[in-house]
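23 is the number of the first residue of the sequence shown in this note's numbering; add one for each residue after it. For reference, the structure discussed in these notes is given below.
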Amino acid sequence: MAKIRYCWRCRIDVPLLEEAEWLEIEPLLRADYKATQQIRAEKGLGLREALADLQSRACERLRELTGFTEQNFNAIWHHRLAEFGPECQMCGHLLRTPRASYCAQCGTPRDAAHDAAVALPDARTDADANR
Ligand SMILES: [Zn+2]
Ligand SMILES: [Zn+2]
Numbered sequence: 023m024a025k026i027r028y029c030w031r032c033r034i035d036v037p038l039l040e041e042a043e044w045l046e047i048e049p050l051l052r053a054d055y056k057a058t059q060q061i062r063a064e065k066g067l068g069l070r071e072a073l074a075d076l077q078s079r080a081c082e083r084l085r086e087l088t089g090f091t092e093q094n095f096n097a098i099w100h101h102r103l104a105e106f107g108p109e110c111q112m113c114g115h116l117l118r119t120p121r122a123s124y125c126a127q128c129g130t131p132r133d134a135a136h137d138a139a140v141a142l143p144d145a146r147t148d149a150d151a152n153r
C-alpha cells in the first residue's frame, strides 16, 4: 500500500507509491503523456488546456488505489517511494533521496547505524541496483 507522506516538491501530504503500484501507474503516466501531446496536436491547445481536457488514466488508477485525487498526472512522476530516503529520526519526514546525508526539513544528519534498520530496504536496494 502507498504511504501518505509529505512531498517536499508538492508541499502537501500525498500517497507515495510502492514498487508494485508504481509498475502499474508508470505505463499509465506514459500513456497520459502521449494523450496530452495528441490533444495538443489535434485541438491546437496549450499544455495547460490540454491537461484540463485530458482524462488521466494515471490519476484515475491512483484514486482507485489510494483514494487520493491528483489533478495533474505530472506530479505522480516523483511520487515513487523508492526515490525517497528513510525517515528522519528527528521529524519523521522522509529524506529527499535514498542517498541524502541529512534531513532537508529539519537539518538532522542521517545516522548511518540507524539507517540499516529503517523501512524500505527492499525497494531501495532494487532501485539502487537499477542505476
Ligand atoms: Zn509531489
Ligand atoms: Zn527531519
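C-beta: ideal position from N, C-alpha, C; glycine also. A quick note: this is a predicted structure, and the numbers were derived from the prediction, not measured.
Burial state of residue i, where buried means 16 or more other Cβ atoms lie within 10 Å
i: PRO37; result: buried
i: ASP75; result: exposed
i: ILE98; result: buried
i: SER78; result: buried
i: GLU64; result: exposed
i: GLY107; result: buried
i: ILE34; result: exposed
i: ALA24; result: buried
i: CYS81; result: buried
beta-carbon residue i near ligand 2 non-hydrogen atom, thresh 7 Å
i: THR91; result: no
i: ASP23; result: Residue identity check: residue 23 is Met in the sequence provided, not Asp. For ligand 2, not one heavy atom lies less than 7 Å from the Cβ of MET23.
i: THR130; result: yes
i: GLN127; result: yes
i: CYS110; result: yes
Any non-hydrogen atom of ligand 1 within 7 Å of residue i CB
i: HIS115; result: no
Reduced DSSP category for residue i - H, G, I as helix; E, B as strand; rest coil
i: ASP133; result: coil
i: CYS110; result: coil
i: CYS128; result: coil
i: LEU117; result: coil
i: CYS29; result: strand
i: LEU51; result: helix
i: LEU67; result: coil
i: MET23; result: coil
i: LEU38; result: strand
CB-CB length for residue i against residue j, believed under 8 Å
i: THR130; j: MET112; result: 4 Å
i: ALA126; j: ARG118; result: 5 Å
i: LEU39; j: LEU103; result: 6 Å
TODO: Go through the residues and name those whose CB comes closer than 6 Å to any heavy atom of ligand 1, in chain order.
DONE: Here the list is CYS29, ARG31, CYS32, VAL36, ALA97, HIS100, HIS101.
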